[in-house]
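A short write-up of the structure that comes next.
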Amino acid sequence: MIIVMKMKASSDDIDAVINRLHNGGWQTHVSRGEERTIIGVIGDERKLDQGAMSRMGGVDRVVPILRPFKLASRDFQAEDSKIEVNGHVFGGEKVIMMAGPCSVESMEQVMETAIAIREAGAHLLRGGAFKPRTSPYSFQGMGEEGLKILAAAREETGLPIVSEIMATDQIDLMCKYVDVLQIGTRNMQNYALLNAVGKTNKPILLKRGMMSTIEELLMSAEYIMSNGNHKVILCERGIRTFEKYTRNTLDINAVPVLKELTHLPVVVDPSHATGRWTLVKATSRASVAAGADGLIIEVHPNPAEATSDGEQSLKPKRFAELMVEVRRVAEAIGRTI
Ligand code: PEP
Ligand code: MN
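Going by this note's numbering, the first residue of the sequence shown is number 7, and it counts up by one from there.
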């Protein structure tokens, strides 16, 4: 349910509505727009006396939200959310570029990549220290050692870090080193993890489950947001279809669909969506043209030797070429990089 206040509602009117809701046991999310204030009601709506609320001073109307996701919904907040990470704003005019290796492997590998991607114009460094591998016998990541390497690369280049958290017992460790917590595709419906990151104040990069619908992705965002953390960046990373030529199928529709349904920023991961480095540039251009607020791309100085995802990783030189082309697309639609 949302309560739309009149344009001329006073702050006393707004406070009275909020107090009444709080006294009744509901939580509120207040969105103060330029023209009017909208109060979102969180809790069991069936017990709310809609008529009584609509008669309160300054209330224009009481609107039930029919969609299952609420805090993430455009009905709740019409304007795009802007999520800042060390001066870079997701959801604004700038297309935010994140790049780096799938896995952190060594200081030299991360440093070389970080310096090269920054030179090419990237804004954030990505790298996994805890890796969700299909096989328990595959490289599982460097753990805290890897996080220290990422932090050293941030120190050297100024690039903030995005890295995947896999379990609730990693929260303190990850928050110590990382600027953006990534929830991977396999954990999109790990509700304990979503609740836990929802209690932090770190921005969350929430990747779409490989077999999840757009609505399920938004319900997962809702888990994080309902715990108090509204800094959620959604990521389309390809879904499983009958097509076998590519690792996944990039659901380009998801970008404009999400932009319609939610105020949260939307980014695309063309590396995991295609699984082939030769396809990453074209799908990056397409993603930005479709309205993505950012891209996350795997880059490795020597993909042939990578411990994970070498076949979809770009060499730094190719990433620099991609930046040039993606910048042109961004400019063509009135955005910057
Ligand atoms: C990754 O970013 O390296 C990763 C494992 O991504 P996903 O969860 O989308 O597979
Ligand atoms: Mn990867």
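Where a beta carbon is used, it is the ideal one built from N, C-alpha and C, also for glycine. This one's a predicted model, so the numbers in the text were calculated from it and none came from an experiment.
- Secondary structure note for Leu-54: it is in no beta strand (DSSP E), with a DSSP letter that is neither H nor E.
- In the structure shown, the three-state DSSP call for Glu-317 is helix.
- In this chain, Ile-230 is not harboured by any beta strand (DSSP E); it is covered by the alpha helix (DSSP H) spanning 220-232.
- Around the beta carbon of Asp-257, 16 or more other beta carbons sit within 10 angstroms, so the residue counts as buried.
- Note on geometry: alpha-carbon atoms of Glu-111 and Gly-147 lie some 8 Å from one another.
- Per the coordinates, the alpha-carbon of Arg-73 lies some 8 Å from the alpha-carbon of Ser-79.
- For the pair Ile-303 and Leu-211, the CB atoms are not nearer than the 9 Å cut-off.
- DSSP, reduced to helix, strand and coil, places Leu-200 within a helical segment of the structure shown.
- Between Pro-107 and Val-116, the beta carbon gap of about 7 Å places them in contact (Cβ cut-off 8 Å).
- By the neighbour-count criterion, in which a residue is buried when 16 or more other Cβ atoms sit within 10 angstroms of its Cβ, Thr-163 is buried.
- A straight-line Cα-Cα distance of about 47 Å links Gln-176 and Gly-63.
- Excluding residues up to 5 positions away in sequence, Ile-220 lie with their Cβ nearer than 8 Å to the Cβ of Val-263 in the same chain.
- Inclusion of His-278 in the 8 Å shell around the ligand PEP follows from its C-beta lying nearer than that to a non-hydrogen atom of the ligand.
- For Met-329, there is no enclosing beta strand (DSSP E); the residue is found in the alpha helix (DSSP H) stretching over 322-338.
- In its chain, beyond the 5 residues on either side, Pro-166 and Asp-185 have a beta carbon closer than 7 Å to the beta carbon of Asn-92.
- Exposed is the label assigned to Tyr-197, since fewer than 16 other Cβ atoms lie within 10 Å of its Cβ.
- C-alpha of Gly-152 to C-alpha of Gly-133: approximately 9 Å in a straight line.
- When the beta-carbon positions are compared, Thr-268 and Phe-75 come within less than 9 Å of each other.
- Per DSSP, the unbroken alpha helix (DSSP H) holding Glu-114 starts and ends at 113-126.
- If you draw a straight line from the Cα of Ala-326 to the Cα of Leu-200, it is about 34 Å long.
- Straight-line measurement puts the Cα of Glu-311 at about 21 Å from the Cα of Lys-287.
- Note on geometry: alpha-carbon atoms of Ala-22 and Ile-45 lie some 12 Å from one another.
- Around the beta-carbon of Met-59, 16 or more other beta-carbon atoms lie within 10 Å, marking it buried.
- Taking Arg-38 as the centre and dropping the five residues before and after it, the same chain places no C-beta closer than 7 Å to its C-beta.
- Residue burial is scored here from C-beta neighbours: His-28 has fewer than 16 other C-beta atoms within 10 angstroms and is therefore classed as exposed.
- The beta carbon of Val-36 sits closer than 6 Å to the beta carbons of Ile-45 from its chain, once the five residues preceding and following it are set aside; these are given in chain order.
- Taking all protein chains in view, the Cβ of Asn-193 is crowded by 16 or more other Cβ atoms within 10 Å, so the residue is classified as buried.
- Relative to the ligand MN, Gln-188 has its C-beta separated by 8 Å or more from all heavy atoms.
- If you draw a straight line from the Cα of Arg-246 to the Cα of Ala-15, it is about 49 Å long.
- Excluding its 5 nearest sequence neighbours in each direction, Ser-290 has C-beta neighbours in its own chain below 8 Å: Val-274, Pro-276, Leu-301, Ile-303, Leu-328, Glu-331 and Val-332, listed in chain order.
- Taking every protein chain shown into account, the CB of Asp-178 has fewer than 16 other CB atoms within 10 angstroms, so this residue is exposed.
- Within the chosen limit of 8 Å, the ligand PEP does not reach the beta carbon of Asp-178 with any heavy atom.
- The Cβ atoms of Asp-81 and Ile-71 lie closer than 9 Å to each other.
- The closest heavy atom of the ligand PEP lies less than 8 Å from the beta carbon of Arg-192.
- Rounded to whole angstroms, the separation of the alpha carbons of Arg-52 and Asp-86 is 29 Å.
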